[in-house]
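Structure record follows, encoded as structure tokens.
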Amino acid sequence: MRDPRIQKLAENLVGYSVDMQPGENVLIEMIGSERDLLNAIIEEVGKKGGHPFVQLTDKTVQRAMLKNATKEQLTLWAELDLNRMKQMDCYIGIRAGENVNDLSDVPEENMKLYNSLYSHPVHSEERVKRTKWVVLRYPNASMAQLANTSTEAFEDFYFDVCNLDYSKMDRAQDPLAELMRKTDKVRIVGPGTDLSFSIKGIGAEKCSGQKNIPDGEVYTAPVRDSVNGTICYNSPTLYNGVTFENIKFRFENGKIVEATSSDTARINEILDSDEGARYIGEFAIGFNPYILTPMKDILFDEKIAGSLHFTPGQAYDVTDNGNRSSIHWDLVLIQRPEYGGGEIYFDDVLIRKDGMFVIPELEGLNPENLK
Numbered sequence: 077m078r079d080p081r082i083q084k085l086a087e088n089l090v091g092y093s094v095d096m097q098p099g100e101n102v103l104i105e106m107i108g109s110e111r112d113l114l115n116a117i118i119e120e121v122g123k124k125g126g127h128p129f130v131q132l133t134d135k136t137v138q139r140a141m142l143k144n145a146t147k148e149q150l151t152l153w154a155e156l157d158l159n160r161m162k163q164m165d166c167y168i169g170i171r172a173g174e175n176v177n178d179l180s181d182v183p184e185e186n187m188k189l190y191n192s193l194y195s196h197p198v199h200s201e202e203r204v205k206r207t208k209w210v211v212l213r214y215p216n217a218s219m220a221q222l223a224n225t226s227t228e229a230f231e232d233f234y235f236d237v238c239n240l241d242y243s244k245m246d247r248a249q250d251p252l253a254e255l256m257r258k259t260d261k262v263r264i265v266g267p268g269t270d271l272s273f274s275i276k277g278i279g280a281e282k283c284s285g286q287k288n289i290p291d292g293e294v295y296t297a298p299v300r301d302s303v304n305g306t307i308c309y310n311s312p313t314l315y316n317g318v319t320f321e322n323i324k325f326r327f328e329n330g331k332i333v334e335a336t337s338s339d340t341a342r343i344n345e346i347l348d349s350d351e352g353a354r355y356i357g358e359f360a361i362g363f364n365p366y367i368l369t370p371m372k373d374i375l376f377d378e379k380i381a382g383s384l385h386f387t388p389g390q391a392y393d394v395t396d397n398g399n400r401s402s403i404h405w406d407l408v409l410i411q412r413p414e415y416g417g418g419e420i421y422f423d424d425v426l427i428r429k430d431g432m433f434v435i436p437e438l439e440g441l442n443p444e445n446l447k
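In this note's numbering, each residue's number is its place in the sequence shown (first place is 1) plus 76.
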């Protein structure tokens, strides 16, 4: 018998997250060997009159492909998958790989080619901009290890997070999105961090289960050349299978002019991928009440209660500051007391202190009001 929590998740993904309508084409991509959720989604799409299409991806096979990839091969690979994506109305991406480091030994040059020639046109340009999409992880022993829990405990946590009442969260986000749309100056302060920038005229977007599961953020972007100061991120992060810690950026007029980390040489290689990689494409505030600690999985970590992320690379069309890049790297700073605390100011008014919203109209986003 199928776990009823899986059935509920499938119903939410199809009916709420991508809001599939009868007759629409849905591409379901499964990375990993999990099948219960995949089959439940296929059945739910069919039940609602849609047309399911499936791609099964194995990370070890992908690694072998990328280690031997050529520019010509990647160009044709992208052309084939881009043609398929253009025929899709919805995309549901399920990530359930066994080893988060599977791509860590793919040559950096090959990963740059893959990101620019394949991921950028197929996903950043076509899937993100022209389909109704949602991306999620699926619990397994590998994820439980990253979270330092038993597999069973992680599954319970996962379904609490993923089957949250996201329609309630959506309503609670309205005041923050509206305030961000009216704000000019932002200042972020914390241990090793003093950062200032403008978000005037950029807009703001709510994230409440339509694009990511789990979810819980409102995002905008800084005016491209307005960022000045320093930020010290306190969450470990994975990029192309490599873990980075203690990342610190110093900005001058929007550009990252100094970058250090546990692997300073490699992080500067990434930031030198193209001109836009040293500018910021997203600023977001996270507040999922069930996600409290980083686990090197950005779909979870960027939603941590009391966090923010400040993202080198490509800007989103809906909050466009003009920055273009083949990368989009969400890096997370947690400001709850156990992580050193910190403050966020909008136009010189304190709006969040030590991870808790402190002005009345935003208190609905504090953890006790979202569970």
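By construction, the Cβ of each residue, glycine as well, lies at the ideal position given by its N, Cα and C atoms.
Go ahead and label V137 buried or exposed: buried means 16 or more other beta carbons lie within 10 angstroms of its beta carbon, across all protein chains shown.
Taking the first residue of the sequence shown as 1, we reach residue 137 at position 61. Exposed, because fewer than 16 other Cβ atoms sit within 10 Å of the Cβ of V137.
Selection from M219, L384, T313, K208 that minimises the alpha carbon distance to N175
Here the question's residue 175 lines up with position 99 in the sequence shown. For the residues M219, L384, T313, K208, the minimum Cα distance to N175 belongs to M219.
Quick one: using the 10 Å Cβ neighbour count with 16 as the cut-off for buried, is R247 buried or exposed?
For this step, residue 247 is matched to residue 171 along the sequence shown. R247 comes out exposed.
Considering only DSSP beta bridges, list what S383 is partnered with.
Counting from one through the sequence shown, the residue named residue 383 turns up at place 307. Bridge partners of S383: G362, I410.
Start and end of the alpha helix (DSSP H) containing K188?
To locate residue 188, count along the sequence shown from 1; it is residue 112. From DSSP, the alpha helix (DSSP H) with K188 extends over 184 to 189.
Starting from T340, trace the alpha helix (DSSP H) both ways and give me its first and last residue.
Reading the sequence shown from its first residue, position 264 is the one you call residue 340. Unbroken alpha helix (DSSP H) run through T340: 340 to 347.
Starting from M96, trace the alpha helix (DSSP H) in both directions and tell me its first and last residue.
Position 20 of the sequence shown holds residue 96. Taken as a continuous stretch (DSSP letters only), M96 belongs to no alpha helix (DSSP H), as it is neither H nor E.
Sort G292, D406, R354 by Cα distance to N445 and report the nearest one.
Position 369 of the sequence shown, counted from the first residue, corresponds to residue 445. Restricting attention to G292, D406, R354, the CA atom closest to the CA of N445 is found in G292.
State the start and end residues of the unbroken beta strand (DSSP E) segment that holds A172.
Sequence index remark: in the sequence shown, residue 172 carries index 96 (1-based). DSSP places A172 in the uninterrupted beta strand (DSSP E) bounded by 166 to 172.
Proximity winner among I323, I410, E120, I367, relative to A223 (alpha-carbon distances)
Taking the first residue of the sequence shown as 1, we reach residue 223 at position 147. Per the Cα distances, I367.
Within 8 Å, strictly: CB atoms of I343 and N364
Here residue 343 refers to the residue found at position 267 of the sequence shown. Here residue 364 refers to the residue found at position 288 of the sequence shown. The Cβ atoms of I343 and N364 lie no closer than 8 Å to each other.
With a 10 Å radius around its C-beta and 16 neighbouring C-beta atoms as the bar for buried, classify R300 as buried or exposed.
As a working note, residue 300 is residue 224 in the sequence shown. R300 should be labelled buried.
P128: first and last residue of the uninterrupted beta strand (DSSP E) it sits in:
For the purposes of this step, residue 128 is taken as the residue at position 52 of the sequence shown. P128 -> beta strand (DSSP E) spans 127 to 133.
How long is the line joining the alpha carbons of L212 and S401, rounded to whole angstroms?
The residue labelled residue 212 in the question sits at position 136 within the sequence shown. The residue labelled residue 401 in the question sits at position 325 within the sequence shown. About 23 Å.
Is the number of C-beta pairs between the stretch 264 to 278 and the stretch 118 to 133 that are closer than 8 Å three or more?
Touching, no.
Report the residue ranges of all alpha helix (DSSP H) runs contained in full by the stretch 420 to 444; include only those spanning at least 4 residues, in chain order.
Unbroken alpha helix (DSSP H) stretches of 4 residues or longer found wholly inside the stretch 420 to 444: none.
What is the DSSP secondary structure of A391, reduced to helix, strand or coil?
As a first step, residue 391 is located in the sequence shown; it is residue number 315 there, counting from the start. In the structure shown, A391 adopts coil according to DSSP, grouped into three states.
So T387 and G357 are in contact, right, with Cβ under 8 Å, and what is the actual spacing, rounded?
On the sequence shown, position 311 is the one that residue 387 refers to. On the sequence shown, position 281 is the one that residue 357 refers to. Contact check for T387 and G357: beta-carbon distance about 5 Å, within the 8 Å limit, so the pair qualifies.
Three-state secondary structure assigned by DSSP to Y242
Residue numbering aside, residue 242 sits at position 166 when the sequence shown is read from its first letter. Here Y242 sits in helix by DSSP.
Check each candidate in L152, Y92, D423, L426 and name the one with the smallest Cα separation from S243.
Sequence index remark: in the sequence shown, residue 243 carries index 167 (1-based). Comparing Cα positions, the closest option is Y92.
Where does A172 land, buried or exposed, given buried means 16+ other C-beta within 10 angstroms?
Looking up residue 172 in the sequence shown gives position 96. So A172 ends up on the buried side.
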